[in-house]
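First residue of the sequence shown: 0, per numbering that gives the first Met the number 0; consecutive thereafter.
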Amino acid sequence: MTLTQATTAGIAAPTGRQFRISAEPGPDGHVVSAVITELGGTIRSLTVDGEPLIEEFPEFGLPKHCEGEILIPWPNRVRDGRWSYDGKDLQLAISEPERGNAIHGLVKLRPHTLVHRSGSELTLQVRIYPSEGYPFAVDVQTTYSVSPQGLTVTHALTNKSAMPAPAAIGSHPYMRVGATPMQDVSLTINAASYVVVDERLNPVGTSPVSGTPMDLSAGPKVGWLQLDTAFLDLTPAPDGRYRHLLEAPNGDAVEVWGDANYQYAQVYTTTSYPAGGHRTAVAVEPMTALPNAFNSGAGLRWLEPGEEWISTWGISHRLGPAQGNHLRGEN
């Protein structure tokens, strides 16, 4: 693996060091590579033979749309940033001021420390220190590993506090299937229910997907969807993983998967990506808890002092049956 301090005229990249990892070519000769940033442990790029499996942001830019960010100790929103612990009301910083919520956790803007690196694997660590809204110390160690099949991400959270600490995990990749326009890609989420939200996108209940546009089990085209929606009651695959499939018309596919911890998924679509642009984009976000879990408890994990919690998710790819490198749009 190469480790570079990105500079232009001596100026460091806004996301710090750029850690590139690459897998040895598999039997099919394809090479999977990823770039992880020091700031946030963010997945800046993931490619097969240079073709994207996720939306990238520039080396000298920031993930303005949360591209590739790790969402710990909570994904999505905490209503008003308020919750209570042991009878005490707590206030998180309002990081979504336009809606008055706390969003996407505490590690995405924190520099991470390098623990281990090799050609195809990287481990970074960050500590969440006690704060007014989250009075706990939690170590977060994340290992990123690439193989010919794709990227595997393993999070190990350890409670360093003297009291139980609540935690949940999510991630925020915007997906790509090579050069295929995302409006032409089909998205399959096998879920029985979805979260109903208010005008501030906070949960107000759940409802069955059957008979609604929220039913993604038949793989509708992304271009038909208008979603910022959490799904639950997911159907696991035979191996116990939860799998969410994006498939191009030529059969190329990318899959977001999570182990048994990831019983929820958020899907966000936009037709103006990047901000002010005109491209369709879709984020498929594996989550261990629902939005506002600090208040509802839905999926929230409580770590006892000294307890470690390990979870794994990833992104894999598959080429279609015809010849050629489809990810480049060739048949």
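Just so it is clear, CB atoms sit at the ideal spot from N, CA and C, and this is done for glycine as well.
For the segment 82-90 against the segment 27-38, are there 3 or more C-beta pairs whose distance is under 8 Å?
no
For Pro312 and Gly257, which I take to be in contact (beta-carbon distance under 8 Å), what is that distance rounded to the nearest angstrom?
Here the sequence assigns Trp to residue 312, which means Pro is not the residue at that position. Rounded, the Cβ-Cβ distance is 4 Å, consistent with contact.
Is it buried or exposed, Glu329, if we count other Cβ atoms within 10 angstroms and call 16 or more buried?
The predicted model places Glu329 with a pLDDT of 46, which falls under 50 and marks its position as unreliable, so this point remains unresolved.
Given Ser271, which residues of its chain have a CB within under 7 Å of its CB, disregarding the five upstream and five downstream residues?
His277
Pick out whichever of Ala274, Pro273, His243 and Tyr143 has its Cα sitting closest to the Cα of Ala155.
Tyr143
Please list the terminal residues of the continuous beta strand (DSSP E) segment that includes Ser144.
Val137 to Ser146
Can you give me the C-alpha to C-alpha distance between Gln17 and Tyr261, rounded to a whole angstrom?
28 Å
Whole-angstrom distance between Ala259 and Pro237, CA atom to CA atom
12 Å
When you compare only the Cα positions, how much space is there between Asp27 and Ala190?
33 Å
Reference Asp197, options Pro110, Arg98, Ile42 and Glu68, closest by Cα:
Arg98
Give the secondary structure of Arg78 by DSSP, where H, G and I count as helix, E and B as strand, and everything else as coil.
helix
For Leu70 and Ile168, which I take to be in contact (beta-carbon distance under 8 Å), what is that distance rounded to the nearest angstrom?
7 Å
Please report the straight-line C-alpha distance between Ala229 and Ala161, rounded to a whole angstrom.
33 Å
In whole angstroms, what is the alpha-carbon distance linking Ile93 and Gln225?
26 Å
CA-CA distance, Gln322 and Phe293?
Its pLDDT being 42, under 50, Gln322 is placed unreliably in this model, and the value from its coordinates should be taken loosely. Each residue's alpha carbon lies about 49 Å from the other.
Could you tell me which of Lys159, Ile102, Ser119 and Pro51 sits nearest to Val349, measuring between CA atoms?
The first residue shown for the chain is 0 and the last is 330, placing residue 349 beyond what the model contains.
Within 10 angstroms of the Cβ of Ser206, are there 16 or more other Cβ atoms? Answer buried if so, exposed if not.
exposed
Quick one: grab the DSSP three-state call for Ser216.
coil
Name the residue from Pro129, Pro165, Pro134 and Leu45 whose alpha carbon lies nearest to the alpha carbon of Pro74.
Pro165
Less than 8 Å between the beta carbons of Leu245 and Leu186, yes or no?
yes
Span of the beta strand (DSSP E), counted from its first residue to its last, around Phe18
Gln17 to Ser21
Excluding five sequence neighbours on each side, which residues of the same chain lie with their C-beta closer than 6 Å to the C-beta of Thr141?
Gly40, Leu123 and His154
Three-state secondary structure assigned by DSSP to Gly222
helix
Spatial neighbours of Ser315 within its chain, please: C-beta separation below 6 Å, excluding the five flanking residues on both sides.
Gln148, Gly149 and Glu254
Measure the CB-CB distance between Ala22 and Ser146 and report whether it falls below 8 Å.
yes
Since Val281 and Tyr173 are thought to touch, with beta carbons under 8 Å apart, how far apart are those beta carbons, to the nearest angstrom?
7 Å
Look at the alpha carbon of Cys65 and the alpha carbon of Pro304, and state the distance between them as a whole number of angstroms.
31 Å
Between which two residues does the alpha helix (DSSP H) harbouring Phe230 extend?
Element bounds for Phe230: not the alpha helix (DSSP H) but the beta strand (DSSP E), Asp227 to Leu233.
Using CA coordinates, which residue listed in Val137, Val176, Pro290 and Gly177 is at the minimum distance from Pro400?
Residue 400 lies beyond the residue range present for the chain, which begins at 0 and ends at 330; the question has no answer from this structure.
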